[in-house]
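Novice: This is the structure I have questions about; it appears just below.
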Amino acid sequence: MSDHDDDNDPLRAGVLNKPNSESNPRILLHEMAQLANELKATVFGLSSRILPGEERRAHILAVIESISHPVPLKLKLDLPADIVHPSCLPRTVIGLSGDTGSGKSTLLSSILGIKVSPTSLNGRGTAFPTIIMSHPHDYISASLTFMSLADVLTLIDSAFELIKPDDNGRFLSMTDLRKDPSYAFVSAAFGVDKQYLEKVKEEDGRANIFLQGFPDLLKLLGTTAPIKEYNEKDFANRLQSFAGSTKKRKGPNKWALLTSFLVCCKSESLSANVILVDMPGYRDCSPTVLKATADIESRLDVRFVAVTAERVTNHKVVNDCIDEEIARRRTDDVEHDDSCPSPHVESRAISTLHATLSGLAVIMTQCDALARDEDVQYLENDGDIGPVLDDNEEFQSLAAQISEAEDEREEKKADLEALDELEARLAMDGGSRASSGLKRTHQHSSRSTTPKRAKLEDGEEPSLANPDSASEDDCEDVVDTSGILTALSNIRSKRNQVLSEMRQLEERIDQYKSRRRILAWRTRYSVTCADLRRLFGEKVLEATRDAGQTEDGDMTDDSEDFSLPIFVTGAKDFNNSVDGSEPQQQTGILALREFIYHLGARAENQAVLDLLQPFRTMVQSTVASLTATDRDTMGESVVRQKLAAEARWTSDKGLVDPNSQSRTLVYGEPSAAAIAPGQGIQDSLNAAFAKEVERKLRDTRGGLEVVKAACEKGVKDAINSVRGKAQSLVNEKMHWGKHRAVIKHHGQYGDIEDYNAALAEPLMTAVKQALVSYRCRLIFSSLRPKLIKAAESLFHEVHSSMTGYDTAIVDDLQARISHARTWHLRRGLHRLEQAIRALLSEERNFSRPSFFSMAVSEHLQATYDEAAAVRGPGSIALMKVRFVDAVEAASKTMFHEMTEAFIKRQTETLRVIETRLFDELALISRMCELEISNVWVVPDSDKMHLEARAAAAMGVDAIARRLLTMETELVQEMQRAEKDVPTCHPAP
């Protein structure tokens with residue numbers, strides 16, 4: 007998808023509280039590129055007498071190039087380039103994870119407004135990552151990636167071994183077999199059971215022989231299959247060919263061979279650069295898919311955890327994710343002093359973070375109020391929910407309205423019974439009139455015990471049209487058959503009217519009850535959300551206390567922390583509700599849609615703003631240079647002062663105007679005091695910045711030395727304990743087939759302890775605290791105020807050096823310094839800080855203790871393979887011995903090598919940060935001098951030059967004004983969206 011694919015997408019307009027068309031990031035990028043080209047055409051031909059300073063011209067052209075041809079960003083996920091084209095706008099990756107059966111796939115189809123998730127189409131649990139992207143086309147495209155042959159053979163071989171008896175002659179129970187990843191995979195993929203596997207002849211290569219019996223599956227291994235259809239039904243049918251039977255669940259199943267599934271569809275809830283990943287259920291994964299899932303999880307920008315409301319506060323995964331999110335916030339968003347975290351700033355940063363910046367959101371699923379038989383009375387009697395409902399005036403009013411409507415319905419029911427009885431009597435009288443007349447009708451009517459008589463409309467005659475009001479004499483006199491028929495017709499008409507009124511009452515009662523159930527639903531889950539927010543707040547406080555920090559005065563143990571997004575959703579209610587209806591609004595799906603769309607749109611808009619602001623600032627600075635007063639107009643004294651300021655504050659290789667020397671000779675030399683020797687603005691800022699950066703880097707390198715020392719201790723501990731740990735792992739009591747399966751899968755298999763993590767545990771423990779401290783030193787937020795202070799000191803010096811100068815010069819200087827401070831210094835430092843944070847985020851997985859677990863797995867690959875290859879009598883015992891011996895032998899160099907690699911990577915990361923710091927700070931210094939140097943610009947008075955300057959200034963000023971309008975509208979749109987986007991449902 008190109009950057010402009012969805013510019014005219016009708017789904018982008020007004021459906022989800024989306025940005026207006028003028029704030030569409032792709033349109034803005036396109037317009038910026040056009041303006042950059044216009045600027046280039048205007049500036050390129052200007053001489054140095056018209057636009058002074060070669061560096062200024064070079065900088066303008068460099069900015070124009072960056073706007074005209076923005077560099078595509080690196081894609082976080084490994085996706086096919088022919089499907090996901092390069093983009094200069096960021097792609098936000100959101101992962102949706104949850105237990106099997108938590109309803110996340112049903113939720114996903116409701117969010118998307120289309121069924122493209124494999125689970126929602128075939129009724130199976132999500133057993134592999136499903137990656138979903140939006141595109142503007144009318145078709146649905148998909149790419150299915152299947153497991154490799156080697157991985158499948160390994161799983162088949164393990165399954166054959168697990169159906170054999172253990173060393174004591176006992177077989178694994180069917181329950182244990184079904185829980186085993188290898189047997190579960192073989193059973194699901196090939197549709198075979200234990201009895202089938204037992205019949206396969208035991209011989210060398212039998213896994214391969216077994217696989218040859220399934221040629222349709224064999225040909226898929228290691229391949230990628232494309233799908234492209236123009237409607238849901240055809241797309242579902244194509245997927246069905248891979249899914250197998252959804253009812254009997256028998257026979258070969260291509261679905262079980264998938265490792266990933268990428269689908270692109272038109273969805274109004276996804277901004278163009280959002281990638282939504284439906285993660286496998288926690289119990290659905292084969293070892294192969296587990297690795298793929300772990301890789302994707304490490305690349306997520308935001309994680310959604312789907313969980314049922316009953317388990318939300320005590321679910322292990324939810325609590326683990328909360329702990330990870332708090333740790334991430336502490337690392338990413340806290341400012342530090344030179345040696346340790348600042349406690350007050352940190353607790354405030356964690357607890358007051360806007361919910362849209364959270365890396366975690368909790369989604370409660372299956373919270374349907376209407377699609378389930380929710381007992382409202384039960385909720386009213388609940389100790390926590392009942393008091394809240396008692397105070398809800400609407401809820402109590404609805405109860406009264408329901409009671410009143412039900413009483414009225416009973417009255418209508420009585421009327422209906424009376425009419426039915428009357429109709430039956432008249433019909434009977436009509437058949438026996440000749441023998442008994444209508445006297446029997448009157449007598450029968452007089453004996454009626456109906457509690458309330460049916461009343462006809464006013465104006466009807468009190469004859470047979472209204473038999474109950476007729477006298478006995480009247481009845482005896484009326485023998486006309488037509489009168490009876492008329493009465494029956496009137497009764498039936500009245501009956502239909504009563505039935506219609508009863509239906510209206512039923513509908514009203516249903517509406518009242520539906521609304522009341524929704525109110526009870528909202529109250530129930532509002533209480534649950536509050537409990538979860540309090541849990542999050544408690545964990546924030548706990549993290550703060552564990553770090554030995556003081557607490558924010560606004561935080562208490564029972565405070566709700568609203569920085570954690572929480573959405574209560576009822577996907578079934580949503581699917582069964584009318585579009586735009588109140589019940590649909592109450593399901594939480596529409597709120598969640600807006601939230602997801604906002605996450606992607608905000609990242610795109612911020613990227614555009616980061617390009618737009620420096621561009622606009624540079625253009626405005628160019629306007630200032632082109633509109634400076636010419637030398638003849640400003641007078642000799644002012645010219646002399648400007649030349650003195652230029653000589654004093656222009657850096658040696660910076661912005662010296664090649665014509666300044668000739669001007670100096672014409673107007674005379676400035677005083678010696680006015681041009682006292684010193685560095686220019688750019689050089690002075692660079693020197694001041696370098697001093698602060700070097701101090702920070704020394705502190706950071708000191709922290710890395712502490713990590714290095716901790717690694718050396720950890721290496722000794724790991725080497726000393728490695729044999730005992732390896733021996734305890736292989737001595738674990740379990741089926742011998744599982745022992746071999748763990749070895750074949752390189753130490754990671756099902757719910758068995760991770761061999762690699764266990765072997766690296768002493769090393770990870772030794773470096774854990776040192777790494778926490780080091781990561782604190784890596785955060786450069788604390789550097790920002792010191793750099794600002796250094797710059798302010800120089801700005802003050804520049805201002806002081808022009809004391810006594812012409813008032814116009816001093817006023818212009820103040821304006822230029824203010825502009826440099828806001829737009830070049832502070833904005834530049836903010837962008838630098840964000841860039842370093844992004845870099846550290848990319849390196850997060852390589853700067854954690856878990857790095858050593860991954861390193862052990864890589865170092866021991868050959869060891870695992872050699873041990874797994876041992877066959878024959880006594881092979882399991884021999885395999886264990888060889889594995890333990892090989893691990894001990896490898897540990898002599900393995901732990902040293904991995905720590906060296908770790909320290910080398912950290913050193914390289916620090917070097918990259920250092921380079922980025924000096925490069926960006928040099929740019930900030932140059933931009934500040936460029937801005938302030940407009941004060942001493944002395945344009946040539948040549949008529950032709952003045953005319954050219956005026957024409958150029960007019961064109962550049964028009965560009966600057968358009969850019970300012972674009973920026974203002976974009977910032978206002980971002981602020982409005984940030985304010986309006988729902989971050990929780992129900993709203994507190």
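Heads up: the sequence shown begins at 7 in this note's numbering, then just goes up one per residue.
The beta-carbon is built from N, C-alpha and C at its ideal position, and this holds for glycine as well.
From a predicted model like this one, the values you see are computed outputs, not experimental measurements.
Could you give the C-beta distance for E698 and A796, rounded to a whole number, given that I count them as a contact under 8 Å?
Specialist: In the sequence shown, the residue the question calls residue 698 occupies position 692. In the sequence shown, the residue the question calls residue 796 occupies position 790. Contact holds; Cβ gap of about 6 Å.
Novice: Going by the beta-carbon positions, is the gap between S103 and M370 smaller than 7 Å?
Specialist: Numbered from 1 along the sequence shown, position 97 holds the residue referred to as residue 103. Numbered from 1 along the sequence shown, position 364 holds the residue referred to as residue 370. No.
Novice: Once the 5 residues before and after V504 are set aside, which same chain residues still bring their CB inside 6 Å of it?
Specialist: Translated into the one-based positions of the sequence shown, residue 504 becomes position 498. Only K418, D421 and L422 meet the Cβ criterion.
Novice: What is the DSSP secondary structure of G730, reduced to helix, strand or coil?
Specialist: In the sequence shown, the residue the question calls residue 730 occupies position 724. Helix at G730.
Novice: Report the partner residues of L150 according to the DSSP bridge assignment.
Specialist: Position 144 of the sequence shown, counted from the start, is the residue given in the question as residue 150. Bridge partners of L150: A231 and F267.
Novice: Given 8 Å as the limit, is there contact between the stretch 755-767 and the stretch 856-871, that is, 3 or more CB pairs closer than that?
Specialist: Touching, yes.
Novice: Taking just the CA atoms, how far does V887 sit from G880?
Specialist: On the sequence shown, residue 880 is found 874 positions in, with the first residue counted as 1. On the sequence shown, residue 887 is found 881 positions in, with the first residue counted as 1. For G880 and V887, the distance between alpha carbons rounds to 11 Å.
Novice: Suppose the cutoff is 8 Å on Cβ atoms and the five residues either side in sequence are ignored; what does the same chain contact list for E44 look like?
Specialist: Translated into positions along the sequence shown, residue 44 becomes position 38. Within the same chain, E44 has close Cβ partners G961 and I965.
Novice: Going by DSSP, what residue range makes up the beta strand (DSSP E) through I137?
Specialist: By 1-based counting over the sequence shown, the position of residue 137 is 131. I137 -> beta strand (DSSP E) spans T136 to S140.
Novice: For H741, which of L838, G175 and N30 has the nearest alpha-carbon?
Specialist: Along the sequence shown, read from residue 1 onward, the residue named residue 741 stands at position 735. For the residues L838, G175 and N30, the minimum Cα distance to H741 belongs to G175.
Novice: Since Y603 and S108 are thought to touch, with beta carbons under 8 Å apart, how far apart are those beta carbons, to the nearest angstrom?
Specialist: The sequence position of residue 603 within the sequence shown is 597, counting from 1. The sequence position of residue 108 within the sequence shown is 102, counting from 1. Between S108 and Y603 the Cβ distance is about 23 Å, and since that is not below 8 Å, they are no contact.
Novice: Going by the CB atoms, is the gap between F889 and A907 shorter than 7 Å?
Specialist: Counting from one through the sequence shown, the residue named residue 907 turns up at place 901. Counting from one through the sequence shown, the residue named residue 889 turns up at place 883. Cβ atoms of A907 and F889: not closer than 7 Å.
Novice: Could you check the C-alpha separation between D390 and S779 for me, to the nearest Å?
Specialist: The sequence position of residue 390 within the sequence shown is 384, counting from 1. The sequence position of residue 779 within the sequence shown is 773, counting from 1. Roughly 43 Å separates the two Cα atoms.
Novice: Quick check: the Cα distance between N279 and H360, rounded to an integer number of angstroms?
Specialist: By one-based count along the sequence shown, residue 279 stands at place 273. By one-based count along the sequence shown, residue 360 stands at place 354. For N279 and H360, the distance between alpha carbons rounds to 22 Å.
Novice: Can you tell me whether L491 is buried or exposed? The criterion is at least 16 other CB atoms within 10 Å of its CB, across all chains shown.
Specialist: Taking the sequence shown and counting its residues from 1, one reaches residue 491 at position 485. Counting Cβ neighbours within 10 Å, L491 comes out exposed, since fewer than 16 surround it.
Novice: Take T913 as the anchor and find which of V382, A653 and G708 has the nearest alpha-carbon.
Specialist: Counting from one through the sequence shown, the residue named residue 913 turns up at place 907. Of the candidates V382, A653 and G708, the one whose C-alpha sits nearest the C-alpha of T913 is G708.
Novice: Does the Cβ-Cβ distance between I930 and H830 come in under 7 Å?
Specialist: For this step, residue 930 is matched to residue 924 along the sequence shown. For this step, residue 830 is matched to residue 824 along the sequence shown. It is a contact, given that the beta carbons lie within the stated cut-off.
Novice: Does the Cβ of I328 have 16 or more other Cβ atoms within 10 Å, making it buried, or fewer, making it exposed?
Specialist: Reading the sequence shown from its first residue, position 322 is the one you call residue 328. When all chains shown are included, I328 counts as buried.
Novice: Around the C-beta of G606, are 16 or more other C-beta atoms found within 10 angstroms, so that it is buried, or is it exposed?
Specialist: The residue given as residue 606 occupies position 600 in the sequence shown. Answer is buried; the Cβ neighbour count reaches 16.
Novice: Taking 8 Å as the cut-off, does the stretch 196-206 touch the stretch 158-176 (at least 3 CB pairs, one atom from each stretch)?
Specialist: Result yes; three or more Cβ-Cβ pairs closer than 8 Å.
Novice: List the whole-angstrom C-beta distance separating L226 from L268, where the pair is believed to meet the contact cut-off of C-beta under 8 Å.
Specialist: Locating residue 226 in the sequence shown gives position 220, where the first residue counts as 1. Locating residue 268 in the sequence shown gives position 262, where the first residue counts as 1. About 16 Å; that fails the 8 Å criterion.
Novice: My parser needs the alpha helix (DSSP H) runs of 4 or more residues fully inside the stretch 45-101; what are they?
Specialist: Qualifying alpha helix (DSSP H) stretches, in chain order: 60-74.
Novice: Measure the CB-CB distance between V876 and A776 and report whether it falls below 7 Å.
Specialist: To locate residue 876, count along the sequence shown from 1; it is residue 870. To locate residue 776, count along the sequence shown from 1; it is residue 770. Against a cut-off of 7 Å, the Cβ pair of A776 and V876 comes out as no contact.
Novice: So, with DSSP's three-state summary, where would you put P347?
Specialist: Position 341 of the sequence shown, counting from 1, holds the residue named residue 347. At P347, the pLDDT of 33 sits below 50, so the modelled position is not reliable; the number obtained from the coordinates is stated separately. P347 falls in the strand class under three-state DSSP.
Novice: Are Q592 and I515 touching if we call contact CB-CB under 7 Å?
Specialist: Position 586 of the sequence shown, counting from 1, holds the residue named residue 592. Position 509 of the sequence shown, counting from 1, holds the residue named residue 515. No, these two residues do not count as a Cβ contact at 7 Å.
Novice: Can you find the residues in the same chain that come closer than 7 Å, C-beta to C-beta, to Q626, ignoring five residues on each side of it along the sequence?
Specialist: The residue you call residue 626 lines up with position 620 of the sequence shown. Around Q626: A966.
Novice: How big is the Cα-Cα spacing for F901 and L541?
Specialist: Within the sequence shown, residue 901 is the residue found at index 895, counting from 1. Within the sequence shown, residue 541 is the residue found at index 535, counting from 1. Between F901 and L541, the C-alpha separation is close to 39 Å.
Novice: Would a C-beta distance cut-off of 7 Å place V2 and V308 closer than the cut-off?
Specialist: Any property of residue 2 remains undetermined from this structure, which presents the chain solely from 7 to 994.
Novice: Looking at the secondary structure, which residues open and close the beta strand (DSSP E) in which V283 lies?
Specialist: Looking up residue 283 in the sequence shown gives position 277. Here the beta strand (DSSP E) through V283 covers V280 to D284.
Novice: Nearest by alpha-carbon distance to E386: which of N496, Y518, R530 and M508 is it?
Specialist: As a working note, residue 386 is residue 380 in the sequence shown. Selected option, being the one with the closest Cα: R530.
Novice: Taking buried to mean at least 16 other C-beta atoms within 10 Å of its own C-beta, is R539 buried or exposed?
Specialist: Counting from 1 along the sequence shown, the entry for residue 539 is found at position 533. Label assigned to R539: buried.
Novice: Expressed to the nearest angstrom, what Euclidean distance is found between the alpha-carbon atoms of A315 and K297?
Specialist: Within the sequence shown, the letter at position 309 stands for residue 315. Within the sequence shown, the letter at position 291 stands for residue 297. Rounded to the nearest angstrom, the two C-alpha atoms are 29 Å apart.
Novice: Starting from V192, trace the alpha helix (DSSP H) in both directions and tell me its first and last residue.
Specialist: By 1-based counting over the sequence shown, the position of residue 192 is 186. Element bounds for V192: P187 to F196.
Novice: For the alpha helix (DSSP H) that M860 lies in, which residues bound it at each end?
Specialist: The residue given as residue 860 occupies position 854 in the sequence shown. Per DSSP, M860 belongs to the alpha helix (DSSP H) from S856 to H865.
Novice: Enumerated in chain order, which unbroken segments of the alpha helix (DSSP H) with a length of 4 residues or greater are wholly contained in the stretch 853-926?
Specialist: As far as the stretch 853-926 is concerned, its whole alpha helix (DSSP H) runs of at least 4 residues are 856-865 and 867-874.
Novice: Would you say M950 touches the ligand ADP, meaning its beta carbon is less than 6 Å from a heavy atom?
Specialist: This structure lacks the ligand ADP; in fact it carries no ligand of any kind.
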